[in-house]
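Visitor:
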Amino acid sequence: MSDLVRLTIEGRPVEAPAGTSVLEAAKLAGVLVPHYCYHPSLPVAGVCRMCLVEVEKSPKLAASCATPVAEGMVVHVESPQAKAARRAVLEFLLINHPLDCPICDQAGECELQDYVYQEGRATTRFADYAKRFNPVEDFGPDILYVPNRCILCTRCVRFMEHLAEHPVLNVSERGDRAYIGIFEGAALDHGWAGNVVDLCPVGSLVSKDFLHKARAWDLDKTPSICPGCTQGCNVTIETRDNQVLRVRPRPNPDLNRHFMCDYGRLGYGWLNRTDRIEAPLVRDGSRLVPVDWDRALGRALDLVRGARGPCVALVSPGASCEALERVAQLVGAGGGAGAFRVAKGDEIPLPGVPDLALRTERAPNVAGALAAGFTRDWDGAAARARSAALVLVLDEPLHGLGAAQAWGPMIYIGTVLPDEARGAAAVVLPSATMAEEDGTFRNIGGRIQPYHQARAAPGMARPAAWILEEILDALGVGVGAQA
Amino acid sequence: MAIGVKTVSRPAGDTSYVRASLKGLSLTFRHLFQKKWTMEYPEQTSDAEWSLSKRWRGTHRMAVDEHGKAKCVACGLCPQVCPANCIKLIPGEDEQGNRYPLVFEIDEFRCIFCGYCQEVCPEEAIHVGVHYENAEYTRDGFVYDLERLMRQTHEVSTLWDPSDPRGQ
Numbered sequence: 162m163s164d165l166v167r168l169t170i171e172g173r174p175v176e177a178p179a180g181t182s183v184l185e186a187a188k189l190a191g192v193l194v195p196h197y198c199y200h201p202s203l204p205v206a207g208v209c210r211m212c213l214v215e216v217e218k219s220p221k222l223a224a225s226c227a228t229p230v231a232e233g234m235v236v237h238v239e240s241p242q243a244k245a246a247r248r249a250v251l252e253f254l255l256i257n258h259p260l261d262c263p264i265c266d267q268a269g270e271c272e273l274q275d276y277v278y279q280e281g282r283a284t285t286r287f288a289d290y291a292k293r294f295n296p297v298e299d300f301g302p303d304i305l306y307v308p309n310r311c312i313l314c315t316r317c318v319r320f321m322e323h324l325a326e327h328p329v330l331n332v333s334e335r336g337d338r339a340y341i342g343i344f345e346g347a348a349l350d351h352g353w354a355g356n357v358v359d360l361c362p363v364g365s366l367v368s369k370d371f372l373h374k375a376r377a378w379d380l381d382k383t384p385s386i387c388p389g390c391t392q393g394c395n396v397t398i399e400t401r402d403n404q405v406l407r408v409r410p411r412p413n414p415d416l417n418r419h420f421m422c423d424y425g426r427l428g429y430g431w432l433n434r435t436d437r438i439e440a441p442l443v444r445d446g447s448r449l450v451p452v453d454w455d456r457a458l459g460r461a462l463d464l465v466r467g468a469r470g471p472c473v474a475l476v477s478p479g480a481s482c483e484a485l486e487r488v489a490q491l492v493g494a495g496g497g498a499g500a501f502r503v504a505k506g507d508e509i510p511l512p513g514v515p516d517l518a519l520r521t522e523r524a525p526n527v528a529g530a531l532a533a534g535f536t537r538d539w540d541g542a543a544a545r546a547r548s549a550a551l552v553l554v555l556d557e558p559l560h561g562l563g564a565a566q567a568w569g570p571m572i573y574i575g576t577v578l579p580d581e582a583r584g585a586a587a588v589v590l591p592s593a594t595m596a597e598e599d600g601t602f603r604n605i606g607g608r609i610q611p612y613h614q615a616r617a618a619p620g621m622a623r624p625a626a627w628i629l630e631e632i633l634d635a636l637g638v639g640v641g642a643q644a
Numbered sequence: 012m013a014i015g016v017k018t019v020s021r022p023a024g025d026t027s028y029v030r031a032s033l034k035g036l037s038l039t040f041r042h043l044f045q046k047k048w049t050m051e052y053p054e055q056t057s058d059a060e061w062s063l064s065k066r067w068r069g070t071h072r073m074a075v076d077e078h079g080k081a082k083c084v085a086c087g088l089c090p091q092v093c094p095a096n097c098i099k100l101i102p103g104e105d106e107q108g109n110r111y112p113l114v115f116e117i118d119e120f121r122c123i124f125c126g127y128c129q130e131v132c133p134e135e136a137i138h139v140g141v142h143y144e145n146a147e148y149t150r151d152g153f154v155y156d157l158e159r160l161m162r163q164t165h166e167v168s169t170l171w172d173p174s175d176p177r178g179q
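Each protein sequence line maps, in turn, to chains X and S. Counting along the first sequence from 1, when you hit position 278 you're at 439 in our numbering, and nothing is skipped either side. Counting along the second sequence from 1, when you hit position 87 you're at 98 in our numbering, and nothing is skipped either side.
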């Protein structure tokens with residue numbers, strides 16, 4: 162690493178690759194330079210003037226986001242001159258910023274709020290002036306623009322122009338009349354447009370879906386993986402009172418950077434379904450009777466032990482790698498095979514990030530299912546299920562197969578009970594959704610990524626991997642039985 | 012085992028109750044002609060001599076604006092700050108696009124009357140009141156909804172001196 166540049170930031174020696182901005186180098190030194198317009202995944206604009214720092218032997222303050230590091234540079238972030246500049250910038254931004262934090266969705270995670278609070282100014286010199294007022298605008302399917310709160314950092318404009326390559330936003334007017342405009346007849350309807358809500362450092366661009374739903378400080382945040390498609394974007398599931406309220410991207414520089422698509426962002430509704438199976442069910446004549454786990458697992462075990470002949474597994478590519486591998490182990494032991502099918506949609510790429518798109522296959526673990534040995538031969542497997550000695554279904558809705566299909570003896574492990582399985586299943590074991598368990602997904606590039614439990618499963622539902630492990634253990638082939 | 016009791020004989024002047032009784036009665040009689048310190052509650056609830064402190068923290072009241080609507084904007088600060096977790100708030104949006112409380116309920120049984128909700132409110136909407144008569148026939152009656160809070164007419168508490176809000 163011969164191209165490392167040595168410099169001093171706030172008295173701390175830093176080594177940064179040549180070409181790094183002073184702001185990024187300061188992060189390496191553990192110093193946060195306040196900023197609005199700079200974003201690591203967007204081109205540098207240098208318009209907010211918030212990141213001004215003092216560089217020794219430089220005639221005036223430098224915008225640290227746009228200044229590359231140089232050998233021997235000495236940077237002061239908290240010098241009186243730099244602080245005075247930032248105070249002035251904040252005062253400037255606050256001239257027209259409304260005092261509507263109590264009703265603003267961004268309150269609690271707002272960078273303007275944070276920096277103003279940090280600075281500690283309690284009064285304004287502009288109390289006698291009427292603030293600029295513009296009405297709220299509807300920008301698209303999920304986005305509202307509140308011009309009064311806007312600080313014109315242009316992150317949204319740069320995202321739409323350089324990352325989405327769908328330039329519909331601009332800065333209209335100039336001076337103190339400037340606002341973010343949208344072209345006549347255009348809408349923020351790009352498949353990745355929802356990211357401008359996350360990029361907005363204030364509450365100017367807000368999500369209609371999340372509007373007024375919760376305050377930022379109420380939310381519990383859990384690292385997870387988006388279950389929307391095979392891309393496997395890293396996300397944070399945000400919950401309150403056991404309800405998933407919002408899904409936001411979690412930065413991963415190698416995969417999705419700071420972004421996620423609207424399909425994944427708004428597709429969390431099924432995690433809050435209330436028509437879930439809450440207790441294990443076993444068949445008693447024509448009825449399914451709720452029982453405890455011991456009896457249900459006992460019945461399932463009888464079916465597995467009694468299976469003479471090939472077994473068939475119909476699995477969901479939305480299940481965790483752990484669950485899929487255990488199904489493969491269970492069914493494979495009986496000389497059977499498994500298959501899955503996956504919903505398809507249009508591929509929507511984000512042009513500004515290489516190899517990032519909403520993929521056509523709308524399930525998170527297609528690669529994991531293939532790696533566990535399942536095939537895409539859905540029709541063949543469904544046909545074989547008629548004569549199979551045992552049919553094991555893992556959270557697959559079975560739509561299109563019809564309640565009239567004559568199934569072999571069926572163990573249904575799933576979150577909700579479809580009509581197709583209601584009449585056929587001998588044992589129904591309630592499983593957790595991906596938001597209610599820990600597990601891993603294998604994405605389209607073979608990357609195995611963990612996700613974590615964000616909410617409690619309803620009733621007696623358990624993670625599918627746990628259920629299958631219990632059966633494998635009882636058969637003497639599970640990890641626990643071998644240990 | 013018998014207990015030995017020692018009997019002390021004292022002069023009649025020391026052991027007679029007559030003198031002490033007369034002394035006590037005379038004190039009582041003297042008080043009939045002195046200033047009264049008690050108030051005949053509930054016929055009488057306050058007077059010039061005795062009233063609740065301006066800083067009394069009693070059951071809540073919601074302030075209303077000039078259109079008769081609650082001042083609350085459902086910002087969620089009072090349920091957040093409430094140490095007794097007695098405020099239930101669900102925000103919504105009205106026809107004009109303004110944020111307002113769809114549901115605002117205070118469980119007065121859970122409330123510890125700390126006054127933090129009044130202190131934290133950025134809109135000066137929710138107040139604790141200078142009020143103490145809260146009897147109800149059912150327990151449910153103590154969960155005050157928004158209409159009930161807006162209907163209250165009693166004085167609201169002055170938690171700090173308006174001329175010296177920081178107590179300096």
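For each residue, glycine too, the CB sits at the ideal point set by N, CA and C. The model shown is predicted, which means the values in this text are computed figures rather than measured ones.
Cβ of methionine 621/X within 8 Å of Cβ of alanine 440/X?
Guide: Their beta carbons are under 8 Å apart, which means methionine 621/X touches alanine 440/X by this criterion.
Visitor: Check whether the Cβ of tryptophan 539/X lies closer than 8 Å to any Cβ atom in chain S.
Guide: Chain S, which has no Cβ nearer than 8 Å to the Cβ of tryptophan 539/X, makes this no.
Visitor: Residues of the stretch 370 to 399 of chain X with a CB closer than 9 Å to any CB of chain S: list them in chain order, please.
Guide: Taking 9 Å as the Cβ-Cβ cut-off against chain S, the residues of the stretch 370 to 399 of chain X that qualify are Leu372, His373, Lys374, Ala375, Arg376, Trp378 and Asp379.
Visitor: Output needed in chain order: residues of the stretch 22 to 40 of chain S with a Cβ under 7 Å from some Cβ in chain X.
Guide: Correct list: empty, as no residue qualifies.
Visitor: Which residues mark the beginning and the end of the beta strand (DSSP E) in which proline 178/X is found?
Guide: Note, proline 178/X: beta strand (DSSP E), 173 to 178.
Visitor: Which chain X residues sit within Cβ distance under 8 Å of leucine 88/S?
Guide: The contacting residues are Pro263.
Visitor: Residues in the same chain with beta-carbon distance under 8 Å from arginine 409/X, minus the five sequence neighbours each way, listed in chain order, please.
Guide: Asp359, Val396, Thr397, Glu399, Met421 and Arg426.
Visitor: Quick test of the definition: if touching needs 3 or more C-beta pairs under 8 Å, does the stretch 350 to 358 of chain X touch the stretch 53 to 70 of chain S?
Guide: Judged by Cβ distances under 8 Å, the stretch 350 to 358 of chain X makes no contact with the stretch 53 to 70 of chain S, as fewer than three pairs qualify.
Visitor: For the alpha helix (DSSP H) containing histidine 613/X, list its first residue and its last residue.
Guide: First-last for histidine 613/X: undefined, no H or E at that position.
Visitor: Closer than 7 Å by beta-carbon distance: list the chain S residues that pair up with valine 297/X, in chain order.
Guide: Chain S residues near valine 297/X: Gly108.
Visitor: If we ignore side chains and look at the alpha-carbon of each, how far apart do aspartate 538/X and threonine 383/X end up?
Guide: Cα to Cα, the separation comes out at about 35 Å.
Visitor: Can you list, in chain order, the stretches of the beta strand (DSSP E) that have 3 or more residues and sit fully within the stretch 326 to 402 of chain X?
Guide: Taking only runs of at least 3 residues, the beta strand (DSSP E) segments lying wholly in the stretch 326 to 402 of chain X are 330 to 333, 340 to 343, 366 to 368, 381 to 386 and 395 to 401.
Visitor: Between the stretch 96 to 123 of chain S and chain X, which residues of the former have a C-beta closer than 7 Å to a C-beta of the latter?
Guide: Cβ contacts with chain X: Pro102, Gly103, Glu104, Gly108 and Arg110.
Visitor: Do you know how far the Cα of lysine 80/S is from the Cα of alanine 354/X?
Guide: When rounded, the distance between both Cα atoms is 37 Å.
Visitor: How should methionine 161/S be labelled, buried or exposed, when 16 other C-beta atoms within 10 angstroms of its C-beta is the threshold for buried?
Guide: Its Cβ being crowded by 16 or more others within 10 Å, methionine 161/S is buried.
Visitor: Quick one: what's aspartate 299/X bridged to in DSSP?
Guide: According to DSSP, which records beta bridges pairwise, aspartate 299/X is partnered with Leu305/X.
Visitor: When the cut-off is 8 Å and only beta carbons count, does glycine 178/S lie next to chain X?
Guide: Glycine 178/S does not count as touching chain X.
Visitor: Does the stretch 248 to 261 of chain X touch the stretch 221 to 228 of chain X, meaning 3 or more C-beta pairs lie closer than 8 Å?
Guide: No, the stretch 221 to 228 of chain X does not touch the stretch 248 to 261 of chain X.
Visitor: Find out if the Cβ-Cβ distance for the pair arginine 487/X, leucine 633/X is shorter than 8 Å.
Guide: It is a contact, given that the beta carbons lie within the stated cut-off.
Visitor: What does the alpha-carbon distance come out to for the pair glutamate 280/X and phenylalanine 344/X?
Guide: One C-alpha to the other measures close to 37 Å.
Visitor: Looking at C-beta atoms only, is the number of pairs between the stretch 554 to 562 of chain X and the stretch 572 to 584 of chain X that lie closer than 8 Å three or more?
Guide: With the cut-off at 8 Å, the stretch 554 to 562 of chain X and the stretch 572 to 584 of chain X touch.
Visitor: Does valine 92/S have its Cβ less than 8 Å from a Cβ in chain X?
Guide: No, no contact with chain X.
Visitor: Roughly how many angstroms separate the alpha carbons of glycine 641/X and tyrosine 278/X, rounded to a whole number?
Guide: Because the pLDDT of glycine 641/X is 49, which lies under 50, any placement of that residue in the model is unreliable, and the number read from its coordinates should be weighed accordingly. Their backbone Cα atoms lie some 54 Å apart in a straight line.
Visitor: Please report the Cβ distance between cysteine 97/S and arginine 121/S, rounded to the nearest whole angstrom; I am assuming they are in contact, meaning their Cβ atoms lie under 8 Å.
Guide: Contact holds; Cβ gap of about 4 Å.
Visitor: So which residues of chain X does proline 133/S contact, with C-beta pairs closer than 7 Å?
Guide: Pro263, listed in chain order.
Visitor: For the structure I just gave you, are there three or more beta carbon pairs, one from the stretch 501 to 512 of chain X and one from the stretch 469 to 482 of chain X, closer than 8 Å?
Guide: A contact exists between the stretch 501 to 512 of chain X and the stretch 469 to 482 of chain X.
Visitor: Where does the unbroken beta strand (DSSP E) through histidine 138/S begin, and where does it stop?
Guide: Counting along the chain, the beta strand (DSSP E) containing histidine 138/S begins and ends at 137 to 140.
Visitor: Report back the beta-carbon spacing between phenylalanine 115/S and cysteine 83/S to the nearest angstrom; my notes put them in contact at under 8 Å.
Guide: The Cβ separation is near 6 Å, so the contact holds.
Visitor: Check the DSSP bridge columns for arginine 407/X and list the partner residues they point to.
Guide: Partner(s): Glu399/X.
Visitor: Roughly how many angstroms separate the alpha carbons of valine 175/X and phenylalanine 287/X, rounded to a whole number?
Guide: One C-alpha to the other measures close to 41 Å.
Visitor: Residues of chain X with a CB under 7 Å from the CB of valine 84/S: which are they?
Guide: Those within 7 Å of valine 84/S in chain X are Pro263 and Ile264.
Visitor: Mapping the DSSP letters down to three states, classify isoleucine 628/X as helix, strand or coil.
Guide: If DSSP states are grouped into helix, strand and coil, isoleucine 628/X belongs with the helices.
Visitor: Near cysteine 482/X, which residues of its chain fall below 8 Å by C-beta distance, leaving aside the five closest residues on each side in sequence?
Guide: Closer than 8 Å at the Cβ level, and outside the excluded window around cysteine 482/X, lie Asn526, Gly529, Ala532, Ala533, Gly600, Thr601, Phe602, Arg603 and Ile609.
Visitor: Quick check on alanine 31/S: buried or exposed, where buried means 16 or more other Cβ atoms within 10 Å of its Cβ?
Guide: Alanine 31/S comes out exposed.
Visitor: Below 7 Å, is the gap between the Cβ of aspartate 175/S and the nearest heavy atom of the ligand GTP?
Guide: You won't find the ligand GTP in this model; it holds no ligand whatsoever.
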